[in-house]
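Input: a single structure, listed below in structure tokens.
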Amino acid sequence: MTPPSAGQCAGRLPPRRPTFKMIIAGGLFATACILLVSACEAAKESPRASLPAPYGQEADNYVLSFRDEFDGDRLDASKWNDHIWYDKPRATHDFGVADGMLRIWPQPDENGEFKQRILTTARKFDQTYGYFEMEARLPTGAGCWPAFWLLNSDAPPGEPEIDIMEAYSGDKTGYWADARRRPIRYGVSYYQNGNGQPGPHATHAHHAGDLSSDFHKYGLKWEPDKLSFYFDGKLIHAASVRMNKRMYVLLNMQYGSASGPVDSTTPLGPKNAFEVKYVRAWKLAETKGATASDGERNRTK
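Pasting the structure below:
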């Protein structure tokens, strides 16, 4: 074979043979492309892939059944009632939705009285078993008693109740709140036959530091024979108890109990609010006996 002349070498280089490293790199790139396309196709085929899962839980174990991200400019009336069934509507401007958040704050009515504000999903969403979660920051000051809880849908007194979060920022003993009236503990509890009624019930207090300084996730996994309570994805309490009646969600700001009455030191208005980023619920994928009302349909949009 005649070698190329100097002029030929100056004009162009001879073609380079692919090396072993180049072949391997090309193969890896092709494999990565195939995997990426497959993942995209799988995501298209599985709507659950783009839906949120309970914090710290395995997504495949749950099916989203309710969500409100509070991304509008008012409370979604298709999901929430602005008062509980035994109460009456109140004109007091003590809650609102803005900036991707629900806020409920201490505010006196026209008579100077502080009345409870309880938002519920009654007759709009309820469910038996599942995982329920809220991300929130709590208010400070005497009197404030925020809560995230579940109540039996049949609504008569003496029916099951599960409290996922109750805080008392006005407590003066130093147990529930610090000296600056900031909540440092919150309670979880259950009442199989209703609050104050005979039957299985229990309350557990979790020390978490200043709950008014940042947002935290409060969760409940409700199984046919067990309740598991979570704080920022960490299990804080579990109880073996059977509760099998449909329940709806409640968010509220009440006044009193261990928090005492509102006084002149309590910050008023939206700047001292029970702030909620979202409320979500899931059904347990593996639970055959779970039931939910028609109200849960189309609530995940």
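So for the sequence shown, full-length UniProt numbering puts the first residue at 1; every next one is plus one.
We put the CB at the ideal spot given by N, CA and C, even for glycine.
Straight-line Cα distance separating Ser78 from Thr140
If you take the alpha carbons of Thr140 and Ser78, they lie about 30 Å apart.
Anticipated Cβ contact below 8 Å, Glu133 with Tyr55, distance rounded
6 Å
Does the stretch 205-224 come close enough to the stretch 170-188 to have 3 or more Cβ pairs within less than 8 Å?
yes
Just verifying my parser: in three-state terms, what is the DSSP assignment at Asn195?
coil
From Tyr186 to His216, what distance separates their C-alpha atoms?
12 Å
On the criterion of 16 or more Cβ atoms from any shown chain inside 10 Å, does Tyr86 qualify as buried, or is it exposed?
By the 10 Å Cβ count, Tyr86 comes out exposed.
Would DSSP call Lys271 helix, strand or coil?
Note: Lys271 maps to helix in three-state DSSP.
If you pair each beta-carbon of the stretch 218-238 with each one of the stretch 64-76, do three or more pairs fall below 8 Å?
no
Any idea which residues DSSP pairs Gly248 with across the strands?
What sits at residue 248 in the sequence shown is Tyr, not Gly. According to DSSP, Tyr248 bridges with Leu151.
So, using beta-carbon positions, are Gly209 and Glu159 closer together than 8 Å?
The answer is no: Cβ separation not under 8 Å.
What's the call for Glu113, buried or exposed, on a 16-neighbour Cβ count within 10 Å?
By the C-beta density criterion, Glu113 is exposed, having fewer than 16 other C-beta atoms within 10 angstroms.
Let me make sure I understand the geometry here. Which of Tyr190, Arg181, Gly219 has the alpha-carbon closest to that of Ser213?
Arg181
Decide if Pro146 is buried, meaning its Cβ has at least 16 other Cβ atoms within 10 Å, or exposed.
buried
With H, G and I counted as helix, E and B as strand and the rest as coil, what does DSSP make of Ala42?
Residue placement at Ala42 cannot be trusted, given a pLDDT of 45 that sits under 50; the coordinates are not used to answer.
For residue 309, I'd like the list of residues in its chain whose CB is within less than 6 Å of its CB, leaving aside the five on either flank, ordered along the chain.
As displayed, the chain neither begins before 1 nor continues past 301, which places residue 309 out of reach and without an answer.
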